[in-house]
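A.B. asks: Quick note on our numbering: the sequence shown kicks off at 17 and runs consecutively.
The structure is given below, and queries will be raised subsequently.
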Amino acid sequence: MVTGQHIKPCKMTAAERARLNASFGLAKIPRNGDREPNGRRQRPSARESAEDAQAVVISARQRRLPKELHDEARSQMAGCAVGRRILMHSTAAETRAALWAAVCHIRSVVTAYDRSIGAPDRHPQCLRILVPVDLMHADAASASIDDRSDAEKSRHAVAALMHLETWLGYTDNSARSACLHAVVDEPDADVAYWPGVLAALQCVSEGLKTGKPVYRLGA
17 MVTGQHIKPC
27 KMTAAERARL
37 NASFGLAKIP
47 RNGDREPNGR
57 RQRPSARESA
67 EDAQAVVISA
77 RQRRLPKELH
87 DEARSQMAGC
97 AVGRRILMHS
107 TAAETRAALW
117 AAVCHIRSVV
127 TAYDRSIGAP
137 DRHPQCLRIL
147 VPVDLMHADA
157 ASASIDDRSD
167 AEKSRHAVAA
177 LMHLETWLGY
187 TDNSARSACL
197 HAVVDEPDAD
207 VAYWPGVLAA
217 LQCVSEGLKT
227 GKPVYRLGA
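Right, here's the structure in full:
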């Protein structure tokens, strides 16, 4: 037996090490550039996190849409049950826009009225993780400056709600109730009575355009 001899380690190329690790089921060791100075794995940037979050949202929306409408997953309408029904109802951009404008109007009117009477928000506001905004930065989602007095805000909120209720009165009670439930109360729940919701939205859409809707019943 030979003793005292120093056995030189076998030098391996990077490719050979990778093949050897793969044969033992070992994961690839990250390069130094993939780690922070303290040795932790490098965390994704804010942009990468936003892109990942957006991909998750789009994937979730696509699962709720027919295959032929997957390209519409980035649309704002795809974010709630009523909007998805609008996308499935019509392919005409003008029709979709008119119905979605009615949805947005109903929500803004009800939200303004709730605030005017001091009622709590009906739904928790989701964290804005898709597009982080600087503290001193204003964007389209930021609230505009409102210099009206509280009394003026209250009067305008009540007047807007009365107009909305008048327009919804051009359909039957079942359609009105179904519309408010789907648009305001449970925006994430499946729309149970779509014909009634559609009739009510058409009334509101006509009210926004002409001020005088045509009476229609939910089929």
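The C-beta atom is built at its ideal place from N, Cα and C for all residues, glycine as well.
#1: In terms of alpha-carbon separation, which member of LYS169, LYS225, GLY212 and GLU110 lies closest to LEU233?
#2: Determine the burial state of PRO229: buried for a count of at least 16 other Cβ atoms within 10 Å of its Cβ, exposed for fewer.
#3: Considering only C-alpha positions, which residue in the set ALA173, CYS96, ARG171 and GLU32 is nearest to VAL200?
#4: Grouping DSSP H, G and I as helix and E and B as strand, with all else coil, what is CYS120?
#5: My assumption, with CB atoms under 8 angstroms, is that ALA118 sits in contact with LEU184. Please give the rounded CB distance.
#6: Could you tell me the alpha carbon to alpha carbon distance between HIS105 and CYS120, rounded to whole angstroms?
#7: What separation, rounded to the nearest whole angstrom, lies between the Cα atoms of HIS172 and ARG100?
#8: Work out the CA separation of GLU110 and MET93 for me, nearest whole Å.
#9: List the endpoints of the continuous alpha helix (DSSP H) containing LYS228.
#10: Quick one: using the 10 Å Cβ neighbour count with 16 as the cut-off for buried, is ILE122 buried or exposed?
C.D. replies: The answer reads as follows:
#1: GLY212
#2: buried
#3: CYS96
#4: helix
#5: No, ALA118 and LEU184 are not in contact; Cβ-Cβ is about 10 angstroms, not under 8 angstroms.
#6: 17 angstroms
#7: 31 angstroms
#8: 14 angstroms
#9: Careful: LYS228 lies outside any alpha helix (DSSP H) and carries neither H nor E.
#10: buried
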